[in-house]
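Residue numbers (UniProt numbering), protein chains in the order written: chain A, 1 to 152; chain B, 1 to 152. In this text, a Cβ means the ideal position worked out from N, Cα and C, and glycines have one as well. In this text, all values refer to a predicted model and were calculated from it rather than measured experimentally.
Protein chains: 2
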Amino acid sequence: MMADDHTEAEALEPEARPADPRAEAFQGVREARRNELAEDYVELIAELIHEHGEARPVEIATKMGVTAPTVAKTLGRLARDGLITRAKYRSVFLTEEGRALARECQQRHEIVLRFLLSLGLDPETAERDAEGIEHHVSERTLALFAAFADRS
Amino acid sequence: MMADDHTEAEALEPEARPADPRAEAFQGVREARRNELAEDYVELIAELIHEHGEARPVEIATKMGVTAPTVAKTLGRLARDGLITRAKYRSVFLTEEGRALARECQQRHEIVLRFLLSLGLDPETAERDAEGIEHHVSERTLALFAAFADRS
DNA sequence: GATGATTATTAGCCTTGTCTAACTTGTCGC
DNA sequence: GCGACAAGTTAGACAAGGCTAATAATCATC
Ligand SMILES: [Mn+2]
Ligand SMILES: [Mn+2]
Ligand SMILES: [Mn+2]
Ligand SMILES: [Mn+2]
């Protein structure tokens, strides 16, 4: 056994699909994309709880710029994934896991924002770009952003 | 006519939905998200044509890290949207519009990548982060990135 | 404590983007 | 020119994420 591999020069990693270096990058981006919505939601929910004491779907809908049914369906997925808890017709709470994710997202958001501002970007554009960029910044990049923003 | 607006102090923009400032940011990000895939595809197709003289679905699939049927369906949408042309069982071509978008994406990608590298990021991480970040960078931010990368 | 407005949910539709399985076409060697 | 194998397409499933329309619960307020 264990002698039927690489007749030529492949089958080294136990990865899924060939995985050309570029393909890996795209797969990573697709992975990040799958978490964007959850990240934005838990971040917003944490903020609403902090500011208003509670997070109500109507407020989430307003701040996210989507309709109430969209929020309801998304909250269903977040609950399924263990990030929030909720009772019918009541406001939303973060689980421990949700709180941890929210904290992480808030920090990341803040670092990316500070970084863009320190580059000289106007606040509105910075906020808008940060909202998109934050989900695609690796730990390593984030560290560089933080360092740059600090020394500025 | 035209006298039934703003009883209090609203209805100023002919926008869709209230649009709290944050909501606008999220809507902008969602908009950007809708174009990500098309951008990555036309960029890759342009590159394949440049390097190999033609862009074949099998190569697109490998480089994007997805299966052939996924590519087929996506190419269908790109054709519908006027970015490419194709004949059955033949390779893919960019329309004028597709070429214009590809050029823009290539430039953006290159600037974001150079910027990350000039910050001190390793090439692999830089490539990966650039692949995600490029779609969420405004013109203004891009200009700052380019300036920073140049003076470095 | 009835009732009307606000908030929340449910049902159902649509598009995108991914996959597997099965089939068709094209191409290259002989 | 034929046959294998590679490449491409089609069919169909499924989840996410958006929407509208209709229904249900909550709450304020009288
Ligand atoms: Mn965001
Ligand atoms: Mn954010
Ligand atoms: Mn990309
Ligand atoms: Mn790119």
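Item	Value
Coil, strand or helix - V66 (chain B) by DSSP	coil
Residues from the region 45-74 of chain A in contact with chain B, defined by Cβ distance under 7 angstroms	T62, K63, M64 and G65
Endpoints, beta strand (DSSP E) assigned at L94 (chain A)	V92 to L94
Extent of the continuous alpha helix (DSSP H) run through R33 (chain B)	P21 to H52
Through-space distance from S138 (chain B) to L119 (chain A), alpha-carbon basis	13 angstroms
Option nearest T62 (chain A) by Cα separation, candidates A:A102, A:L44 and A:C105	A:L44
Identity of the residue in A:T85, A:G132 and A:F115 nearest P57 (chain A) by Cα	A:T85
Spatial distance of H136 (chain A) from G132 (chain B) (CA atoms)	5 angstroms
Bridge partners - A55 (chain A), DSSP secondary structure assignment	A:V92
Min CB distance A102 (chain B) to chain A below 8 angstroms	no
Contacting positions in the region 124-140 of chain A - beta carbon closer than 7 angstroms to chain B	T125, E127, R128, D129, E131, G132, I133, H136, V137, S138 and R140
With 16 other Cβ atoms within 10 Å as the buried cut-off, status of L12 (chain B)	Because the pLDDT of L12 (chain B) is 39, which lies under 50, any placement of that residue in the model is unreliable, and the number read from its coordinates should be weighed accordingly. It is exposed - the Cβ of L12 (chain B) has fewer than 16 other Cβ atoms within 10 Å.
Of the residues B:V112, B:M64 and B:V42, the one placed nearest E96 (chain B), counting alpha carbons only	B:V42
Nearest-angstrom Cα separation, counted from K88 (chain A) out to P123 (chain A)	38 angstroms
Residue of B:A147, B:H52 and B:R128 minimising C-alpha distance to E24 (chain A)	B:R128
Minimum Cβ-Cβ distance from A32 (chain A) to chain B less than 8 angstroms	yes
Rounded C-alpha distance that separates L75 (chain B) from E51 (chain A)	46 angstroms
Beta-carbon contacts of A55 (chain B) that lie in its chain and below 6 angstroms, excluding the five residues immediately before and after	I45, L48, I49, S91 and V92
Which listed residue (B:D20, B:I111 and B:L37) has its alpha carbon closest to that of R77 (chain B)	B:L37
Cα-Cα separation, A72 (chain A) to R22 (chain B)	19 angstroms
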